[in-house]
Amino acid sequence: MQSHARTLIDFLAFSERLKRELRHSWLSDGRRESVAEHSWQMALMAILVVPHLRNPVDLLRVLEMIVVHDLTEAAIGDIPAFEAGARQETKRAREAEAATRIRDSLDPDTGRHVFALFLELETGGTSEAKLVHALDRLEVQIQHNLAPDETWEPVEYPMVFSRLRTPCAHDPFLAALAELVEADGAAKLAAAGVDVAAVRRAAAA
């Protein structure tokens, strides 16, 4: 029992890195967001969204996947979706390697459970995994919409119109959320003097 307890404590020391790993995302007060904060907000969103979904999902499974979905970033760091180069090109392979190391660093039963969550998210075939992917995209854009205009980079403008609707299309409530979040992003761009029509064309190209 003490051996498993020590393994857990050691793993928490590893996972604490997510409290310090900063994302390419800013809070409404201009402070950069941590990976852990992103995961917490996703978990809250899941609790609020699940009662409105057309088809039931296992909320506990959803929350488990959310909590572990970015654990690999404690090993490889956060890599923004728009980043080009070697880090982006090798991201999936490095995440798979990190997931294996995470599995092996835990006691066998827990390691297998966490690894199964990674695999379920990777394949994305279950209703729970689809929901987590949708919430991930929604949370990112909601946070961008809350952040100061000057934290947005031009490369992110088209992402308002290209990254939400498809992962949210499988459920009417998620689709409604995506439409509203996209509209809020468009309004923010327009208020900052950005040519929204041109951005939409770029996103559709």
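For what it's worth, my numbering labels the leading residue of the sequence shown as 105, then goes sequentially. Where a beta carbon is used, it is the ideal one built from N, C-alpha and C, also for glycine.
Looking at the strands, I want to know which residues DSSP matches up with residue i.
| i | result |
| --- | --- |
| Leu126 | Ser138 |
Am I right that residue i and residue j are in contact with their C-beta atoms under 8 Å? What's the rounded C-beta distance?
| i | j | result |
| --- | --- | --- |
| Leu268 | Arg241 | 6 Å |
| Arg207 | Arg216 | 7 Å |
| Phe277 | Leu152 | The pair is not a contact, with the Cβ atoms about 11 Å apart (cut-off 8 Å). |
| Ala140 | Leu167 | About 15 Å separates the two Cβ atoms, so there is no contact after all. |
| Glu125 | Ser138 | 6 Å |
| Tyr261 | Val298 | 6 Å |
| Phe118 | Ala178 | 6 Å |
| Ser154 | Leu163 | The sequence as given places Val at residue 154; Ser does not occur at that position. Right, their Cβ atoms sit about 5 Å apart. |
| Leu210 | Phe115 | 6 Å |
Are residue i and residue j close, meaning C-beta to C-beta below 9 Å?
| i | j | result |
| --- | --- | --- |
| Met149 | Leu239 | yes |
| Ala296 | Trp256 | yes |
| Glu232 | Val161 | yes |
| Val236 | Met146 | yes |
| Phe219 | Ala203 | yes |
| His248 | Asp182 | no |
| His142 | Glu243 | yes |
| Ser266 | Ala302 | no |
| Ala251 | Trp130 | yes |
Buried or exposed, going by whether 16 or more other CB atoms sit within 10 Å of the CB of residue i?
| i | result |
| --- | --- |
| Val259 | exposed |
| Ile113 | exposed |
| Met263 | buried |
| Asp213 | exposed |
| Asp275 | buried |
| Phe186 | exposed |
| Pro271 | buried |
| Gln245 | buried |
The ligand ATP and residue i: does any heavy atom of the ligand fall closer than 8 Å to the residue's C-beta?
| i | result |
| --- | --- |
| Trp144 | Because no ligand of any kind appears in the structure shown, any question about the ligand ATP cannot be addressed here. |
Q: Mind listing, in chain order, the continuous alpha helix (DSSP H) runs of no fewer than 4 residues lying wholly within the region 188 to 250?
A: 190 to 193, 195 to 209, 212 to 227, 231 to 250
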